[in-house]
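Under this note's numbering, the first residue of the sequence shown is numbered 766, with each subsequent residue one higher. By construction, the Cβ of each residue, glycine as well, lies at the ideal position given by its N, Cα and C atoms. The structure appears right after this line, and notes come after that.
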Amino acid sequence: MKKEMNAVDILAMSKEMQALVGGFVDKVFHWEGRNVLIRVNAPEGRRELLLRDGKWLYMPKERPETPDTPSNFAVHLRKMLSNARVVSVEQREFDRIIVMKVTTRTSTYDIIFEVFADGNLLVVEDRKIVNCLEQKTWKHRDVRIGAQYQFPPSRFNPLSSDLGTFLTAVKGSTADVVRTLATSANLGGQYAEEVCLRANIDKSRKARQLTDDEWAIIFKTMASMLESVKERQEPVIYYDGDVPVDVSPQRLSQHSSLEAEPYPSLSEAIDEYLYARPSDEEELRDEELERLKRQLEQQSDALIRLEAEALALSEVANLLYQHYPQVTKFLAYMKEKASSSSWEELRDAVSKLPFFISLEPQKDQVVIRIDGKNVRLNYKASLEENADILFNEGKELKEKLRGAEAAMAETERRIEERAKQCEEQRREAKKKVRPTKQFWFETYRWFVTVGGRLVIGGRDARSNEQIVKKHLGQNDRYAHADVHGAASVIIKDGSSADEEEMREVCIFALASSKAWTAGVGEGSAYWVLPDQVSKTPVAGEFVPKGGFIIRGKRNYFHHLPMRLAIGEVQYEGSRKIMTAPEATMKSMSSKYVVIEPGETDRGRISSQLSKAFEVPEEEISRILPPGNVRTVEAIGIQLEEK
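Take a look at the structure:
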């Protein structure tokens, strides 16, 4: 499952972010470490740019829940960047870095998004870091407020290379083709594999085995792939069953066996992917704590090794004295022979002596064996001098032991401290809201009827098409508001639904249309059979994307109330927050809020309902009808006034 953006994603996102150029920075929000949202009044309307968890950069349709009180970081950026004009947005070479240049009346700033490692956002003026999310020092650069900003060291840039520079980068590699493309050509693992597949080159072949012609094919394939990302994006989410496993700005050959869900933009695809992917369990592992534990284990191993070496030196020194006469005689003989013999003569002379194992004349050393232990001695020194050398080495090891013990004690202290922090974080995390279980149909608008039948509706032209093509079966029924451009709505197993259920479906279809935004009090909708829904026009007809032609009798419901309810229900044993017609909710829930078109901002009602139902604000915003609302009544639940 994909957990962060790659350089190709960043390339695609830099193109999408051109929509911000010419706009003006409105507000900056910051929360939970590496989450930053920049609201921009862009030429085509308000847009929001979100750096999420330091690993995802995109423009969500709905604003996520933001803190009521801005952080110091947000306050500082608001003061600096308020009403700053967005001049340009560019990817830095082929790095996971986007630079957004903005200007105020007095200054020019680079807002730099580093979407790699833990992620960072920096504001730079005249190459000087004015503010940043995280300050850190590496061997090659210093990311500190007040320091000169330096990009990470440049790597191979496949966007600007020609065949010659590409061949220079890859032909000297000793690795296989896929690893060479991933590292030397800077494509990363996923797109290195993709290039191999598209070029029909065995990825496991050694790079040195490829001919220049084969490398030329690979280069052409790589260049074509990257050009298509720049010019013709086809964002998709890939599903393995019902589980989203990848999101990409283009279709990938390596995922040909997976179901692909297309999206109008990469931002929308990322937004949906992050919403739909399975929620992480309570974080039981903490990376820093795990690192400290590994460090303690290594220190413990080193301590045991040092203790063993110190003990061995002491035992060897004592052995020399236990065999004092023999060793003294041996060393005296060695010293005498060494002063008057060649190396070969010395070796021949001592090779038959007791204790002898080996000779190292370059170091004036001999290895002898005493009581089953090999002992290395300087044969030009006396027994006492050799023993002193061993004792001194033992003392040095004992000094190292004391240092190692102190280091272990410090690591143990840090582990204890970090464990307490983690426990506190877990306690705090338990207090935070958690999303409910996700189901496949939440890609669409949805509710469950009193009869237990699933109803799904489109959110846009794309999903209108999908609902009919993928989900409308012969036993289902199709509903549509009597409003131009309204959502396609289907009820599964609708052939068995009674009239009251079909009325529920039509109310839902009406509330999902522009009629809600218009603020009307009532309206009409109809339902038809599946074979009455067609995409094939006759002469003179035009069918827009997301639209369908209805032929034959339409079964109308008139004077339908423009009123819904949002409440807590159980679905397949899981708690869900659902939006449905008021009558439906009354029969299914004891905790719900009735709403109708009104003046209350969607963001405000999302926040209120999020707190009331204890779910993320994003989960509420996705099930609200289009447009603003008015709260009619709350049953079994208390709404917090803002």
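Taken atom to atom, the span from the alpha-carbon of M1173 to that of K1185 is near 18 Å.
Per the DSSP secondary-structure output, T1344 pairs in a beta bridge with I1331. Put simply, the backbone Cα of E1207 is about 23 Å away from that of S1260. Per DSSP, the beta-bridge partners of K1138 are I1135.
Between the alpha carbons of V851 and E1053 lies a gap of roughly 38 Å.
Rounded to the nearest whole angstrom, the C-alpha separation of R1227 and F1204 is 19 Å.
Per DSSP, D791 lies in no alpha helix (DSSP H) segment; the continuous beta strand (DSSP E) that holds it begins and ends at 789 to 796. The shortest C-alpha to C-alpha distance from A1082 to any of D1153, W1108, R1112 is the one to D1153. Rounded to the nearest angstrom, the Cβ distance from V790 to I803 is 6 Å, consistent with a contact under 8 Å. Secondary structure of Y1144 (DSSP, three-state): coil. As the crow flies, the alpha-carbon of S1372 is around 6 Å from that of E1382. In this structure, the CA atom of N1393 is about 15 Å from the CA atom of K826. In the three-state DSSP reduction, R811 falls in the strand class (E or B).
With a minimum length of 4 residues, the unbroken runs of alpha helix (DSSP H) contained wholly in the segment 1263 to 1316 fall at 1264 to 1276, 1279 to 1283.
The DSSP-derived three-state label of W1205 is helix.
In this structure A957 is in contact with L946, their Cβ atoms being roughly 4 Å apart against a cut-off of 8 Å. With 16 or more other CB atoms across the displayed protein chains lying within 10 angstroms of its CB, K767 is buried. Per the DSSP secondary-structure output, S1013 pairs in a beta bridge with V1001. In the three-state DSSP reduction, E1024 falls in the strand class (E or B). DSSP places I910 in the coil class of the three-state scheme, outside both helix and strand. With respect to G1223, A1252 sits close: the two C-beta atoms are nearer than 8 Å.
Contact between V943 and M987 is ruled out by a C-beta separation of about 12 Å, above the 8 Å threshold. Per DSSP, the beta-bridge partners of K971 are D941. Counted as a single uninterrupted DSSP element, the beta strand (DSSP E) harbouring R1210 occupies residues 1210 to 1213. D1113 has no beta-bridge partner at all, per DSSP. Less than 8 Å divides the Cβ of I1255 from the Cβ of H1236. In the structure shown, E958 adopts helical secondary structure according to DSSP, grouped into three states.
Collapsing the DSSP output to three states places H841 in a helix. Residue pairing from DSSP leaves D860 without any beta-bridge partner.
Boundaries of the alpha helix (DSSP H) harbouring E1230: 1226 to 1231, taken from the DSSP string.
DSSP places K1318 outside both helix and strand once states are collapsed to three, so it counts as coil. Nearest Cα to I1342 within the set V1012, S938, K1356: K1356.
Remark: C-beta atoms of M778 and L1017 do not approach each other more closely than 8 Å.
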